[in-house]
Amino acid sequence: MPIDSKFGSDDEIVQQSIPYTAAGNTGELQFNNADLMSSDAKLVWDTGTSKLTVTGNVTATGTTELAAVAMKGHIIPDTDDTYDIGSAEYKIRDMYVSGATIHMGDEATIKSEGTAIIVHDLKTSDLHLDNTQHEGNEVDGSNGSWTFQEGDDNLFLLNNITGKKYKINLTE
1 MPIDSKFGSD
11 DEIVQQSIPY
21 TAAGNTGELQ
31 FNNADLMSSD
41 AKLVWDTGTS
51 KLTVTGNVTA
61 TGTTELAAVA
71 MKGHIIPDTD
81 DTYDIGSAEY
91 KIRDMYVSGA
101 TIHMGDEATI
111 KSEGTAIIVH
121 DLKTSDLHLD
131 NTQHEGNEVD
141 GSNGSWTFQE
151 GDDNLFLLNN
161 ITGKKYKINL
171 TE
């Protein structure tokens, strides 16, 4: 049987504990600070499934560890250009996204069209290739920085290090 508790935004809760006992198991939901939860939120702890359901507009501060999260809405940060998903040490293994577009700031997008992956520079629409921050390539061990540009009837390749420009011969 679920244990149900509701906290309104007018409540002045300094410390709240909700003990439970079910099927021989005991536990406790504990809130130690009124700022920990704010707004009109509803918490339901199901002792049979060990599942906590939180509904309403909820603000939580501090560190929260979750094994899994099921959502029925958007994840929208409260501050622009501030938060990360994963870190240099702890990476996200797989991401499953729809065929829609991934926006990377105001600079570029990544999207899929059929079997193609389209990387789009929003300022120039050019394709940039750069391995200067990594070990050299497999062929000769060198590094490079190149940009492909499209013309009406030609393709051009620009060396971003030397400034040299090449026209690619296209034969029909």
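Residue numbering for the sequence shown follows UniProt numbering, starting at 1 and increasing by one per position. Even for Gly, the Cβ is constructed at its ideal location relative to N, Cα and C. Owing to the predicted nature of the structure, the values given are computational and were not obtained by experimental measurement.
Thinking C-alpha only, which one of K165, N160 and N154 is nearest E172?
-> N154
Beta-carbon proximity check, A108 vs D94, cutoff 8 Å = no
Secondary structure of Q149, DSSP reduced to three states = strand
Which residues DSSP lists as bridging T55, in chain order = K42
Of the residues N160, D81, T53 and S87, which one's Cα is nearest the Cα of M104?
-> D81
Proximity of L127 and V119 at Cβ, strictly below 8 Å | yes
Is L43 buried or exposed, if buried means 16 or more other CB atoms sit within 10 Å of its CB?
-> buried
What did DSSP end up calling I168 once you bin it into helix, strand or coil?
-> strand
Anyone know if the C-beta pair for K167 and L158 falls short of 8 Å?
-> no
Could you name the residues of the same chain whose beta carbon sits closer than 7 Å to that of N143, not counting the 5 residues immediately before and after it, in chain order?
-> N131, T132 and G136
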